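Right, here's the structure in full:
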């Protein structure tokens, strides 16, 4: 067990489908600000969260161009959480389920995301103070 | 560390995945040395009923040749030494109380769940 508190999150939801992953990110943000070590195992649709080809768009209904809209990209949230954790002496280790990546064709993830297996989830959970699973509903 | 895998959200993309993804990840983690127990509730209680057949999916000239066989996958967990519980009341509510079940699955009442949870270090509700 590391000196820092360590939390593991298992996420399943794809981006832009529900607020569950956003809620998880709020908790991760608090943990990152406290300098905790954070592990994420992205399973199924959640492997799309750090997909590097996400792109912002304008929104005619909102009446805003792309820069004004500043459309949220979950990959940027992941990167921001990684930076916040590191700034406070912790780290965010994001592991994408490799088979889930392959079946969705989303291998291009942002820097810092690594490919793994369910064995990584078990290892991370065993090395953590606690684990939160957020399944798809 | 012992973890209780609670599965009550059933049939999530099982035709696309050819399995239940949480049953699958339980197999995979068991293979990696995990100590896991499974509790099936809600619609996932149907996973232990014998005689399921999900074959026959086709779109145009595409045919699914390997459909999900979830009852076999659950039975495989039992064979690997994973204890599998199913909620008795949830079976009964769905009219499944007297349907033939796969071997080795234990019934548990809702009243027994707190003790089951207490016997594990972590509870993962998928």
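Residue numbers (our numbering), protein chains in the order written: chain A, 581 to 717; chain B, 536 to 661.
Think of the CB as a built atom: it goes at the ideal place given N, C-alpha and C, for glycine as much as any other residue.
All of these numbers come straight from a predicted model, not from anything done at the bench.
Whose C-alpha, out of the options, is nearest the C-alpha of residue i?
i: residue 638 of chain B; options: B/648, B/618, B/626 and B/661; result: B/618
i: residue 609 of chain A; options: A/663, A/702 and A/599; result: A/663
i: residue 604 of chain B; options: B/649, B/585 and B/642; result: B/585
i: residue 706 of chain A; options: B/570, B/552 and B/554; result: B/570
i: residue 704 of chain A; options: B/611, B/568, B/590 and B/636; result: B/568
Counting C-beta neighbours from all protein chains within 10 Å, is the total for residue i 16 or more, i.e. buried, or is it exposed?
i: residue 593 of chain B; result: exposed
i: residue 644 of chain B; result: exposed
i: residue 620 of chain A; result: buried
i: residue 582 of chain A; result: Caution applies to residue 582 of chain A, whose pLDDT of 44 falls short of 50 and renders its modelled position unreliable; the value that the coordinates give is listed next. Residue 582 of chain A is exposed by the Cβ-count criterion.
i: residue 674 of chain A; result: buried
i: residue 702 of chain A; result: buried
i: residue 522 of chain B; result: Past the edges of chain B, shown from 536 to 661, lies residue 522 of chain B, and the structure says nothing about it.
i: residue 627 of chain B; result: exposed
Please state whether the Cβ-Cβ distance between residue i and residue j is less than 8 angstroms.
i: residue 658 of chain B; j: residue 541 of chain B; result: yes
i: residue 632 of chain A; j: residue 667 of chain A; result: no
i: residue 658 of chain A; j: residue 630 of chain A; result: yes
i: residue 587 of chain A; j: residue 710 of chain A; result: yes
i: residue 616 of chain A; j: residue 670 of chain A; result: yes
i: residue 714 of chain A; j: residue 606 of chain A; result: no
i: residue 548 of chain B; j: residue 581 of chain B; result: no
i: residue 558 of chain B; j: residue 609 of chain B; result: yes
i: residue 694 of chain A; j: residue 681 of chain A; result: no
i: residue 612 of chain A; j: residue 672 of chain A; result: yes
Residues bridged to residue i by DSSP?
i: residue 677 of chain A; result: A/696
i: residue 671 of chain A; result: A/617
i: residue 597 of chain B; result: B/594
i: residue 721 of chain A; result: Residue 721 of chain A is absent from the model: chain A starts at 581 and stops at 717.
i: residue 540 of chain B; result: B/573 and B/659
i: residue 618 of chain B; result: B/572
i: residue 710 of chain A; result: A/587
Please list the residues of the region 620 to 635 of chain A that have a C-beta atom closer than 8 angstroms to any C-beta atom in chain B, keeping them in chain order. Residues 623 and 624.
Members of the region 691 to 714 of chain A that neighbour chain B once the beta carbon cut-off is set at 8 angstroms: The residues in question are 697, 698, 699, 701, 702, 703, 705, 706, 710, 711 and 713.
Please list, in chain order, the residues of the region 551 to 562 of chain B that have any C-beta partner in chain A closer than 7 angstroms. Taking 7 angstroms as the upper bound on Cβ-Cβ separation, chain A lies near residues 556 and 560 of the region 551 to 562 of chain B.
Return the residues of the region 598 to 621 of chain A that lie within a Cβ-Cβ distance of less than 7 angstroms from chain B, sorted by chain order. For the region 598 to 621 of chain A, which is checked against every Cβ of chain B, not one residue is closer than 7 angstroms.
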